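For reference, the structure discussed in these notes is given below.
Protein chains: 2
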Amino acid sequence: MQEQRILEIFQSYREVHQAFFQLMTKAASKHKLTALQLIVLRVLREHPEIRLSDLAEKVKLGNSTTSGIVDRMVKAGLVDRERTETDRRAMTLTLSEKGMALWRETEATRLHMMRSLLELPEEDQRELDRIQQKVLHLLRNYREEEA
Amino acid sequence: MQEQRILEIFQSYREVHQAFFQLMTKAASKHKLTALQLIVLRVLREHPEIRLSDLAEKVKLGNSTTSGIVDRMVKAGLVDRERTETDRRAMTLTLSEKGMALWRETEATRLHMMRSLLELPEEDQRELDRIQQKVLHLLRNYREEEA
DNA sequence: CGCAAATATTTCGCATGCGAACTATTATCT
DNA sequence: AGATAATAGTTCGCATGCGAAATATTTGCG
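From first to last, the protein sequence lines stand for chains A and B.
To get my numbering, take the position in the first sequence, counting from 1, and add 952.
To get my numbering, take the position in the second sequence, counting from 1, and add 952.
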């Protein structure tokens, strides 16, 4: 049945997503980090003093989820969180010294983690990207039309 | 940088996965169900008296996660959970009358939910499947070699 | 200016999701 | 048979993940 086929696509997505997440989790755990903390480290290094909502946008997560992740990183001393001068509702997030040092320490781990994935031919990467965009578009269409 | 590219693939996967999940969540919520409960209903309808670990295998989740999901469905009266006769460690899961009825009620919702996705050309579906397999394989290779 | 609407973030309740530890039962080995 | 290992599920602690509600601040309208 058609329904079955779509379900299989969904499950295949979840599987790949989970495999990806576990790979990153494993790599990150070598530095006592989680997968998302490693991703956030990267974003903060490239965008110092970023706002929480902009960070959430970049990592494709909701504000509330991002808030929790950042909170744990602040508690761990990796991130400095300060009120903005101009807008006292907003927060700016920046890597602490400790966070900066940790980012540098993860260099080798990150490269090693990526190694296996780099074997995916460029051709397939482009093709994958093309289809993902299409799928996303279809899924979002449904969301719109429901609202 | 290459690292960047891989990260983008990862994020794109998470995005599609989340969009998928939200689509199903929205559809399921019309019947006071969650996305996974809808999936489990399907599996139980097709495989009555299935064991928990076999269900976990089918939905690609860990035993502990599956146990929690089933537990909530039992509490909601959708699933009957009984000890096996032959092996008193194992449990068999079967849809209750209520679960069966609910499954039938979701028919229209399920078809409607799938509709937009069916617009993805068969060609793309096959291509996607091919690449996903490849990616999964690469990711699993890394896991092996780490162990 | 003063109040309502909009905005930024946090908090809350709930549902995944995992691995590790635990319980109960069954299989295996001597 | 009796100790030991293996297996099936559940429970626990933790980290995502979301939307809704709450809080604080700023903006905009009359």
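Beta carbons are placed, not taken as given, at the ideal position from N, Cα and C, and that holds for glycine.
The structure presented is a predicted model; accordingly, all values stated were derived computationally and were not measured.
Under the three-state reduction of DSSP output, A:T1044 falls in the strand class.
If you draw a straight line from the Cα of A:R1062 to the Cα of A:S1068, it comes to about 11 Å. Residue pairing by DSSP places A:V1031 opposite A:L1047 in a beta bridge. Put simply, of B:V995, B:R1024, B:T1044 the residue whose alpha carbon is nearest the alpha carbon of B:M1052 is B:V995. Given a length threshold of 3 residues, each whole run of the beta strand (DSSP E) inside the stretch 962-1039 of chain B is given here in chain order: 1031-1035.
With a cutoff of 7 Å on beta-carbon distance, B:L1030 and B:R997 are scored as not near each other. Neighbours of A:H969 in chain B, taken as residues at a C-beta separation under 7 Å, are given in chain order as Y965, R966, H969. Here the alpha carbons of A:E1034 and B:Q974 stand approximately 33 Å from one another. When the alpha-carbon of B:M1066 is set against those of B:Q954, B:Q963, B:F962, B:A980, the nearest one is in B:A980. A direct Cα-Cα distance of roughly 24 Å separates A:H1064 from A:K1010. In the DSSP assignment, A:E1059 falls within the alpha helix (DSSP H) that extends over 1059-1067. A straight line joining the alpha-carbon of B:E1075 with that of A:M953 spans about 17 Å.
Distance from the Cα of B:R1003 is smallest, within the candidate group B:L990, B:T1038, B:Y965, for B:T1038. With respect to A:K1012, B:E967 sits close: the two C-beta atoms are nearer than 7 Å. Taking the C-beta atoms as reference points, B:Q1084 is found nearer than 7 Å to A:S964.
For B:N1093, the nearest beta carbon of chain A is closer than 7 Å to its own beta carbon. Between B:I1002 and chain A, the shortest Cβ-Cβ separation is not below 7 Å. Listed along chain B, the residues sitting closer than 7 Å to A:D1076 by beta-carbon distance are I1083, K1086.
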